[in-house]
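Report on one structure; see the data block that follows.
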Amino acid sequence: MTDMLKKIRWLNVVLFFSLALNFFVAGYLASDTKVLHRFHKHKSEHKRPELMMVDYFPKTQRREIKAYMALNRDKFKASKRTLFKNQKEILNLIGAETLDEAALRRAFQEQQAGYNQFQTELNEVLIRVIMGMDVEARKKTQERGKRAHERRKDR
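Residue numbers for the sequence shown follow this note's numbering, so the first one is 44 and each next one is one higher.
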C-alpha cells in the first residue's frame, strides 16, 4: 500500500509541475498577442534604446536588418562582450574594500566608449538600410516614428 501512495504522491508532483509549466508557456505566448494589445501599448518603452528606431521600419527592412545582424553576429557579440566585461570591472571596483575613484572613472569611460562603438556599429547598419529604401518606405517609417513620439509627448 505504501508503494501505491508513493506513486500517487510522485504523480501529483509531476502533474503539478506540468501544470505550472503549461501556465507559464500559455502566459508567455499570450503576452504578445493582439488580444492583450491594450496591456502592451507602451511595450517599446521597455526595449533597449538601440532597437527602438528599428520598430518604425517596415517589415522588409526589419528583416534585412535582422539578416545583416545575423551575418555579422560575431562582430556584435564582441562588442557586447566588451560591454559586459566593462560592467563586471565596474562592479568589482564598487565591491572593493577601498574605492579607487580614478579607476572607477576610467572604468566608466571605457564603458561609455564601448557603448559608443556599439551604437556606431548599429547606426551603420541603419544607414545602410535607409539608403536602400525607396521614398514610400522612408515616409512610412517617418510616419510611424512621428506617431510613436506623439503618443509619448506626456512623458
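Glycine included, each C-beta is placed from N, C-alpha and C at the ideal position. On a predicted model such as this, the values are computed, not experimentally measured, just so you know.
### Query
For Phe127 versus Thr184, is the C-beta spacing smaller than 9 Å?
No.
### Query
How would you label Val178, buried or exposed, when you count the other beta carbons within 10 angstroms and need 16 or more for buried?
By the 10 Å Cβ count, Val178 comes out exposed.
### Query
For Ser122, which option in Asn159, Thr103 and Gln104 has the closest C-alpha, if you only look at C-alpha atoms?
Cα-wise, what sits closest to Ser122 is Asn159.
### Task
Apply the 10 Å Cβ neighbour rule to Gln104 and answer buried if 16 or more other Cβ atoms are within range, or exposed otherwise.
Residue environment for Gln104: buried (at least 16 other C-beta atoms within 10 angstroms of its C-beta).
### Query
CA-CA distance, Asn166 and Tyr71?
Cα to Cα, the separation comes out at about 31 Å.
### Query
Below 9 Å between beta carbons: does that hold for Leu134 and Asp143?
In this structure, the beta-carbon distance from Leu134 to Asp143 does not fall below 9 Å.
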